[in-house]
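A.B. asks:
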Amino acid sequence: MLKAGRHFEKVLLRILDELTSIERSKLCFYCRKDSPKPPNQEEMQQLFRELQDRNMISSSNVSFLKEFTNTILRYDLTNILLEYESEVEVGTILKEYAVFRDENPNFDCPEMSSTQIISKHLSRKFTNCSEPLTKIVRLSKDTSFQDDLRLSIDEMTREGNELCWSSILQILGFSSELAYRRMCLFPGPSKFHRLLSDIDDVRLVLQEFKIASWMARNGGVAVFAKFITNQDPKEIARQEEIKGLVAQIIC
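FYI, in my numbering the residues of the sequence shown are 10 to 260.
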């Protein structure tokens, strides 16, 4: 959590550096409803420390800042926050994947978040996927697996050289199964710490390929979850049934 808090702090300071003095005054007013005045650097850092809420990531704080940057028409800063949001969500997907793999990948409930829909789908798809299995097993025993993970992701993105939701699905599925299998090699209290450490390493590699950045530009996990849902055979059958009913009504 401390590492995640520092990540958020870097994003906040990056935004702070980009704001003009007038925009900083507007942010102070927006947060505290005080009379606008040119704030100094220390006052702004204190304000951002308050937003950090003792190193705890708050989605409401991110939403608040997105609303503010939109209000002042600084869409470049909104994009920084959207990218940060996607990076956090990718980490959540990797963690939830391990939960589904440990418990029941067929678990279903009516109220699933977008990240849960994605994690569940990936866990069902990659649990018995024979194609990348050999490579995953080999990498799971390697103490330094980042270079091989880079090569694997490079292979997945080499064809056509453009990312799409299908390639994102393959990359996140491969990375999630890899982190899960490495965790299983460390039974006992240390296994969860190994998972979190590996997730941090995986996220660094994914950053190099701008995975979260691409996701943020293309609608984030909400659109990704919709892409997955539309591939579900039950959903396809339901859509076909609706089309048939509409055709009958039109006729």
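Here a beta-carbon is modelled for each residue, glycine too, at the ideal position from N, C-alpha and C. Nothing here was measured: the structure is a model prediction, and the numbers come from that model.
Buried or exposed for VAL214, please, with buried defined as at least 16 other CB atoms from any protein chain shown within 10 angstroms of its CB.
C.D. replies: Here residue 214 is taken as the residue at index 205 of the sequence shown, counted from 1. By the neighbour-count rule (16 or more Cβ atoms within 10 Å), VAL214 is buried.
A.B. asks: How many angstroms separate the CA atom of GLU76 from the CA atom of LEU194?
C.D. replies: Walking along the sequence shown from the start, residue 76 turns up at place 67. Walking along the sequence shown from the start, residue 194 turns up at place 185. When rounded, the distance between both Cα atoms is 44 Å.
A.B. asks: CB-CB under 7 Å to ILE81, same chain, minus the five flanking residues each way: which ones, in chain order?
C.D. replies: Indexing the sequence shown from 1 puts residue 81 at position 72. The answer, listed in chain order, is GLU32 and LYS35.
A.B. asks: If I follow the unbroken alpha helix (DSSP H) through GLY229, where does it start and stop?
C.D. replies: Taking the first residue of the sequence shown as position 1, residue 229 is located at position 220. Segment 229-240, the alpha helix (DSSP H) holding GLY229.
A.B. asks: Ordered along the chain, which non-local residues of its own chain (more than five positions away) have a Cβ less than 6 Å from that of ILE180?
C.D. replies: Taking the sequence shown and counting its residues from 1, one reaches residue 180 at position 171. Counting only Cβ-Cβ distances below 6 Å, and skipping sequence neighbours, we find ILE162 and MET165.
A.B. asks: Please list the terminal residues of the continuous alpha helix (DSSP H) segment that includes LYS219.
C.D. replies: Here residue 219 corresponds to residue number 210 of the sequence shown, with the count starting at 1. Premise fails: LYS219 is in no alpha helix (DSSP H) and is neither H nor E.
A.B. asks: Which residues mark the beginning and the end of the alpha helix (DSSP H) in which LEU160 is found?
C.D. replies: In the sequence shown, residue 160 corresponds to position 151, counting from 1. Segment 155-167, the alpha helix (DSSP H) holding LEU160.
A.B. asks: Terminal residues of the continuous alpha helix (DSSP H) containing CYS193?
C.D. replies: The residue you call residue 193 lines up with position 184 of the sequence shown. Note, CYS193: alpha helix (DSSP H), 174-193.
A.B. asks: What residue does the alpha helix (DSSP H) around THR29 start on, and which one ends it?
C.D. replies: Within the sequence shown, numbered from 1, the residue matching residue 29 stands at position 20. Taken as a continuous stretch (DSSP letters only), THR29 belongs to no alpha helix (DSSP H), as it is neither H nor E.
A.B. asks: Among residues of its own chain, excluding the 5 on either side of SER184, which ones have a beta-carbon nearer than 6 Å to its beta-carbon?
C.D. replies: Within the sequence shown, numbered from 1, the residue matching residue 184 stands at position 175. Contacts found: VAL211.
A.B. asks: Going by other Cβ atoms of all chains shown within 10 Å of its Cβ, with 16 needed for buried, is HIS202 buried or exposed?
C.D. replies: Locating residue 202 in the sequence shown gives position 193, counting from the first residue. HIS202 comes out exposed.
A.B. asks: Can you tell me which of the three DSSP states SER128 falls into?
C.D. replies: Sequence index remark: in the sequence shown, residue 128 carries index 119 (1-based). Here SER128 sits in helix by DSSP.
A.B. asks: Residues in the same chain with beta-carbon distance under 6 Å from LEU22, minus the five sequence neighbours each way, listed in chain order, please.
C.D. replies: Here residue 22 refers to the residue found at position 13 when the sequence shown is read from its first residue. Within the same chain, LEU22 has no close Cβ partners at all.
A.B. asks: Using the Cα positions of PRO198 and LEU204, report the straight-line distance between them to the nearest angstrom.
C.D. replies: On the sequence shown, position 189 is the one that residue 198 refers to. On the sequence shown, position 195 is the one that residue 204 refers to. So the two alpha carbons sit approximately 11 Å from each other.
A.B. asks: Does GLU18 come out as helix, strand or coil in the three-state DSSP assignment?
C.D. replies: Translated into the one-based positions of the sequence shown, residue 18 becomes position 9. DSSP places GLU18 in helix when its eight states are reduced to three.
A.B. asks: What are the start and end residues of the alpha helix (DSSP H) that includes GLY100?
C.D. replies: The residue you call residue 100 lines up with position 91 of the sequence shown. GLY100 -> alpha helix (DSSP H) spans 84-111.
A.B. asks: Go ahead and pull the three-state DSSP assignment for THR136.
C.D. replies: The count along the sequence shown starts at 1 and reaches residue 136 at position 127. It is coil, neither helix nor strand.
A.B. asks: Could you compute how far the alpha carbon of LYS129 sits from the alpha carbon of CYS37?
C.D. replies: Position 120 of the sequence shown, counted from the first residue, corresponds to residue 129. Position 28 of the sequence shown, counted from the first residue, corresponds to residue 37. Using only the alpha carbons, I get a separation of about 41 Å.
A.B. asks: Whose C-alpha, out of GLU217, GLN240, ARG191 and PHE233, is nearest the C-alpha of ARG110?
C.D. replies: Locating residue 110 in the sequence shown gives position 101, where the first residue counts as 1. Cα-wise, what sits closest to ARG110 is ARG191.
A.B. asks: Here's a check: name, in chain order, each residue in its chain whose Cβ is nearer than 8 Å to the Cβ of VAL99, leaving out the five neighbours to either side.
C.D. replies: Taking the sequence shown and counting its residues from 1, one reaches residue 99 at position 90. Excluding sequence neighbours, VAL99 sits near LEU181, ARG212, LEU215, ILE220, ALA221 and MET224.
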